[in-house]
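Protein chains in written order, with UniProt numbering: chain A, 1 to 306; chain B, 1 to 441.
From the three backbone atoms N, C-alpha and C, an ideal C-beta is built for every residue, glycine too.
Predicted, not measured: the structure shown is a model, and the values here were computed from it.
Worksheet: one structure, shown below.
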Amino acid sequence: MLGRTTLSAVERKDRRFAIFAATPAGLTIAALFLYPLVYAFVLSLYELNDKRPEATRVVGLANYVRLLGDDAFLASLARTGVFCLFTVFGGVAFAVGMGVLLNQRFRGRAVARVLLLVPWAVPPVVNGIMWKLIFDGTYGVANSILMTLGIVDRPVQWLAVPDLTLGVLIFAEVWKLTPFLALMTIASLQSIPANIYRAASIDGAGSWQRFWRMTLPNLRGTIMFLLIVQSMWSIKVFDSIYVLTGGSGGPAGATTTVNFLAYLTTFSYLDRGYGASMSIAIMVIVILVAAFWVLLLGRRDKETRR
Amino acid sequence: MPRHQSILTRRSLLGGGLVLGGTALAGCVSPGGSAGSSASPSALSSGGEAGGEISILDDNTNQVFQNGLIETFQEQTGITVRNYEMANFNDLHDRFATMFAGQDTSYDVIMTWAGWSAEFGQAGWLQPLAQDSLPADVIRPALDAVSWDDTVYGLPKFASVQTMFWNKEHFERAGLDPDAAPESWDEFVAAAKKLTTDGRYGYTCDMGNPAGAYQNFLRTMLLCGGELYDADYTPQLDSEAGVEAMTKLVELYRDHEVMNPASLQITNASDLVEVFSQGNTSIVFNWPFQWSVATSDAATTSAATVGNGLIPGINVRSASIDGSEGYAISAFSENKSAALKWLEFAASATSQREIVEKEGWFPVSQEILDDPATEEALPVVATYEQSTEYVTRRYGTPWSNELDQLLSVHVNRAMNGDEEPAAAMRASQQELLPVVEKYLG
Chain A
1 MLGRTTLSAV
11 ERKDRRFAIF
21 AATPAGLTIA
31 ALFLYPLVYA
41 FVLSLYELND
51 KRPEATRVVG
61 LANYVRLLGD
71 DAFLASLART
81 GVFCLFTVFG
91 GVAFAVGMGV
101 LLNQRFRGRA
111 VARVLLLVPW
121 AVPPVVNGIM
131 WKLIFDGTYG
141 VANSILMTLG
151 IVDRPVQWLA
161 VPDLTLGVLI
171 FAEVWKLTPF
181 LALMTIASLQ
191 SIPANIYRAA
201 SIDGAGSWQR
211 FWRMTLPNLR
221 GTIMFLLIVQ
231 SMWSIKVFDS
241 IYVLTGGSGG
251 PAGATTTVNF
261 LAYLTTFSYL
271 DRGYGASMSI
281 AIMVIVILVA
291 AFWVLLLGRR
301 DKETRR
Chain B
1 MPRHQSILTR
11 RSLLGGGLVL
21 GGTALAGCVS
31 PGGSAGSSAS
41 PSALSSGGEA
51 GGEISILDDN
61 TNQVFQNGLI
71 ETFQEQTGIT
81 VRNYEMANFN
91 DLHDRFATMF
101 AGQDTSYDVI
111 MTWAGWSAEF
121 GQAGWLQPLA
131 QDSLPADVIR
141 PALDAVSWDD
151 TVYGLPKFAS
161 VQTMFWNKEH
171 FERAGLDPDA
181 APESWDEFVA
191 AAKKLTTDGR
201 YGYTCDMGNP
211 AGAYQNFLRT
221 MLLCGGELYD
231 ADYTPQLDSE
241 AGVEAMTKLV
251 ELYRDHEVMN
261 PASLQITNAS
271 DLVEVFSQGN
281 TSIVFNWPFQ
291 WSVATSDAAT
301 TSAATVGNGL
311 IPGINVRSAS
321 IDGSEGYAIS
331 AFSENKSAAL
341 KWLEFAASAT
351 SQREIVEKEG
361 WFPVSQEILD
371 DPATEEALPV
381 VATYEQSTEY
391 VTRRYGTPWS
401 NELDQLLSVH
411 VNRAMNGDEE
421 PAAAMRASQQ
431 ELLPVVEKYL
441 G
C-alpha cells in the first residue's frame, strides 16, 4: 500500500517492548507533573476564592490580565529580580572562584572539599532556622561578634528592617547553594588538560591570563548550566523565606518574591484561581530565563567548539 | 533496503497521547469541587447517642488534653480518640486550608479562633452548631471566637484577653511603686523610660509577623477609643484613633526609645513570654498564660515579683484584644455527633478547671469564672473580670489574613521611619477597602 509501510516482526516486538518499558515512567510523569500542571492551568481560568464559593466562575484569561496590572505582583517580580541578581551572578561567580581555588594543589585540599559540602548537606529548613538564630536581634551570634569587634554598639535587628532581611536571605541562599555550584565547577575544571596550562606558563601567560583565556572558555558549558539551575532555584525560592520570616514574606513584604506571593495568595488568602495564574506565570518565566541562557551561552559555546 | 514506516509514528503517538491525556486530565479537574461543596450543612444539634472514633488536630497551646483529659473523655463518652495531633499555631492555617480544599475526612475536630471561624466558616468548611448545642453559661466574648455572621461554628476551649504584666523588682530598682500599675498611657511611658536601663528595655511586644503587627496596632487603636470598623464593616484605619494609635507605637520605639527593638522581630506570644519571664524586659501586654510561665520554676520571676493589671489607656481607661480559642467540627467529618461530644467536653467544667489551674487560661464558663477556687488558682482572673468593663475586640473576619498582611507592611514601615503614621494608615485604609468590598460586596 502506498504511503504505508510495515515494520518487521522484530521491530514491532522491539517497539512494543520499548513502549511497555517506558509506560511506568510515563504514567509517573503524568501523575506527578502533567496532572498538577493541567489542574493548575484549569484553575487559573477560574475566579475561585474558597472564601467566596458563590462567586466561582470561569473567567478565561482574566487572571493573567489582572497580573499585568497588579502592583503587588509587579513589585514581587522586581524583588525577585534583585534577589536573582545577587544569588545568580554572585552565587555563580563565588562558586567559580571557590572551584578554581579548590582545584589548586595545597595541603588540606581534600578536607576543604569535604567541608565545602557541609552547607549542601544541611536540609533547607534547618538552614533557614540556623540563619534565623544567627541573625536574631536579641540572642544572635552575628550581633555578638559585631559588638565584640566594636563594629556596632547596639544589636542590629536584622530580620526587622526590610533591606537587611533581604540581605540575610540572599546570604543564606548563596551559602546553601554555593557547594553544589562549586562542586560542578571543580568537576569541570578537572576535565581541562593540565598540559595546556603548563604550555601557557612556558609561553609567559600569567595567572589572570590563564584564567581568562583558558579556564573560563572551558567552563562556558558548565557556567551555562549553573546559571540555568541557579536562576530556576532563585525564582522559585520558598523554604528559606518561609523559615526566616515566619511564613510572612516580611518585614514590610521585603522578602515576598513572586513565588512566595503565589503561596500567600493561594494558601493564606485562599484565592486559588489567581494563585494558580501566578504559578503558571512563574513557570513561563522560568522557561524563558532558561531559554535566554541557552540562547546566549549555548550559541557561543558552539562557536568556541568550532 | 527501504526503511519501513508505521502509521503509528512517534509524533502521532505523542500528539495523540497529549490530546487524550490532557482531555482526560482536564475532565478530572474540578476547580469548584471543594469550594462551597459542603452546601451549607444544616446546624448540628446536641443530644442523642454518639460513639465510634474521632481525630483531632489542635494547636500546641494546651497540654492538658494529652495529659489525661482525653482518657477522661473516652471513659465518660465511650468515644475513642483515634488521633490527637498538636501542631504549631503558625503552621495550622495552611494545613487546614489544604485539608479542607481536598475535602479530607482525616480530622473531625480542629482548633479554631475568631479569624479562622470567620474564614473557614464562610467557606462552608465548618459545621454550624444549633443554639441548643451551646452551653447555657458560656462567656460571650469566648463564643465570638467561634462565630461569624451570627452563625456559631464551634465551642470555645478557653477565654483569653491581654492584660499588663510588670516586673516588680525592676519597678523597685527604678524607684517606682511595685504595687501600683501605670493607669494611663503617659504614666506607662514615664515608667518605661525609667525602666529602660542597663541595656534592658522597659517595654517589649511581638509585632514581628503580620498577626502580631495587627494585634499590637488593634490594641493601641482600642486604647485610643477607636473601632476598627463601623457598623457596616467600613474600615476605620485612617480615622483619628487609627492615626493616633500608629503615632503612639512609633513614639514608643523611635522617640521615647523604650520599646525593645527586638519587638519588631518577635513573632509569637510564647517568645514574648520568655523575654519577660527571664527578666529581659519590665512590662509586657500579653495573654493570661504569661502568669503561669512567669511563676514557674524555670522563670527568674515569681508570683511575688510579677504584677498584673489593666492595660493603661490613651483616651480611655483601658481596652484589650481577645485571643480566645475553641474547637470546630469539619464539614467533612464522618462522625459529627461524636465530634460535638468533644467540643462539649472541652467546654465542660472538668476541662475548664484543668485549663485554668494547670495552664493559666481564663475559663469559658461563667460558673467556673465565678468560682472562688478559680481566682485562687489563677490570680490574674481578677484583672480579667475588671477588663470586662472595657472594650475587648478581635474582629475576626474572612479577610483577616489579607488585613494582617497589608497592615503589617505599613506598620513596619512606620516603625522603621520609612512612612509617616498618617500616611501609613491612609495607605492601609486604601488597600483594605477593596478587600472588604470583595467579601461583603
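Isoleucine 192 of chain A to asparagine 218 of chain A span [Cα, whole Å] = Isoleucine 192 of chain A and asparagine 218 of chain A: Cα-Cα distance of roughly 7 Å.
Find the residues of chain B that neighbour arginine 52 of chain A, judging by a C-beta separation of less than 7 Å, and give them in chain order.
-> Tyr439
Three-state secondary structure assigned by DSSP to glycine 36 of chain B = Note on glycine 36 of chain B: pLDDT 44, under 50, position unreliable in the model; the coordinate value appears next. Coil, per DSSP.
Within the 8 Å Cβ cut-off, does alanine 35 of chain B reach chain A?
-> Residue placement at alanine 35 of chain B is flagged as unreliable, the pLDDT there being 42, under the threshold of 50; the coordinate-derived value follows with that caveat. For alanine 35 of chain B, a Cβ of chain A is located within less than 8 Å of the residue's own Cβ.
Given a cut-off of 8 Å, decide if proline 288 of chain B and tryptophan 399 of chain B are closer than it, judged by their beta-carbon atoms.
-> Not in contact: tryptophan 399 of chain B and proline 288 of chain B (Cβ atoms no closer than 8 Å).
May I have the straight-line CA-CA distance separating methionine 259 of chain B from alanine 43 of chain B, to the nearest angstrom?
-> 47 Å
State the Cα-Cα distance for the pair glutamate 169 of chain B and valine 284 of chain B, rounded to the nearest angstrom.
-> 15 Å
Compile a chain-ordered list of the residues in the stretch 262-277 of chain A whose CB is closer than 8 Å to at least one CB of chain B.
-> Residues of the stretch 262-277 of chain A whose Cβ lies closer than 8 Å to any Cβ of chain B, in chain order: Leu264, Phe267, Ser268, Tyr269, Leu270, Arg272 and Gly273.
Is there at least one Cβ from chain B nearer than 8 Å to serine 248 of chain A's Cβ?
-> Output row for serine 248 of chain A: interface = yes.
Which class does threonine 138 of chain A belong to by DSSP, given the choice of helix, strand or coil?
-> coil
Name, in chain order, the residues that DSSP records as bridge partners for threonine 281 of chain B.
-> B/Tyr201
Under three-state DSSP, which class holds glutamate 53 of chain B?
-> strand
Of the choices A/Tyr46, A/Glu173 and A/Gly273, whose alpha-carbon is the least far from that of valine 92 of chain A?
-> A/Glu173
Helix, strand or coil for proline 372 of chain B per DSSP?
-> It is helical.
Selected residue, minimal CA-CA separation from proline 156 of chain B, among B/Phe165, B/Met425 and B/Met111 | B/Met111
Name the chain A residues whose beta carbon is nearer than 8 Å to that of proline 210 of chain B?
-> Ser248 and Gly250
By how many angstroms is the C-alpha of phenylalanine 100 of chain B removed from the C-alpha of alanine 331 of chain B?
-> Straight-line Cα distance between these residues: approximately 8 Å.
Check whether the Cβ atoms of valine 411 of chain B and alanine 181 of chain B lie closer than 8 Å to each other.
-> Against a cut-off of 8 Å, the Cβ pair of alanine 181 of chain B and valine 411 of chain B comes out as no contact.
Which chain A residues sit within Cβ distance under 7 Å of glutamine 122 of chain B?
-> Lys51
What span of residues does the alpha helix (DSSP H) with tryptophan 293 of chain A cover, start to end?
-> Per DSSP, tryptophan 293 of chain A belongs to the alpha helix (DSSP H) from 272-293.
Fully enclosed by the stretch 68-129 of chain B, which beta strand (DSSP E) runs are 3 residues long or longer?
-> Counting only runs that start and end inside the stretch 68-129 of chain B, the beta strand (DSSP E) elements of at least 3 residues fall at 80-87 and 109-113.
May I have the straight-line CA-CA distance separating tyrosine 439 of chain B from glutamine 430 of chain B, to the nearest angstrom?
-> 15 Å
As assigned by DSSP and simplified to three states, the class of aspartate 50 of chain A = Three-state result, aspartate 50 of chain A: coil.
With C-beta atoms as the reference, is methionine 246 of chain B less than 8 Å away from alanine 414 of chain B?
-> yes
Range of the contiguous alpha helix (DSSP H) that encloses tryptophan 212 of chain A | Premise fails: tryptophan 212 of chain A is in no alpha helix (DSSP H) and is neither H nor E.
Backbone CA spacing between serine 37 of chain B and lysine 51 of chain A [nearest angstrom] | Reliability fails at serine 37 of chain B, whose pLDDT of 45 lies under 50, so the model's placement of it is uncertain and no value is given.
Residues bridged to isoleucine 329 of chain B [DSSP beta-bridge criterion] = B/Val109, per the DSSP bridge assignment.
Following the continuous alpha helix (DSSP H) through tryptophan 120 of chain A, name the residue where it begins and the one where it ends.
-> Segment 109-121, the alpha helix (DSSP H) holding tryptophan 120 of chain A.
Could you have a look at serine 320 of chain B and say whether DSSP puts it in helix, strand or coil?
-> strand
Can you tell me the Cα-Cα spacing of aspartate 230 of chain B and leucine 432 of chain B, whole angstroms?
-> 14 Å
By Cβ distance, which residues of its chain are closer than 6 Å to valine 380 of chain B, with the 5 residues on each side in sequence left out?
-> So the qualifying residues of the chain are Pro288, Trp291 and Asn308.
Name the one or two DSSP bridge partners that glycine 154 of chain B has.
-> B/Ala328
Name the residue from A/Ala95, A/Lys236 and A/Met214 whose alpha carbon lies nearest to the alpha carbon of valine 289 of chain A.
-> A/Lys236
Does the beta-carbon of leucine 295 of chain A have 16 or more other beta-carbons within 10 angstroms, so that it is buried, or is it exposed?
-> exposed
Quick check: the stretch 348-356 of chain B against the stretch 65-76 of chain B, are there 3 or more CB pairs under 8 Å?
-> yes
Straight-line Cα distance separating leucine 218 of chain B from tyrosine 390 of chain B = 15 Å
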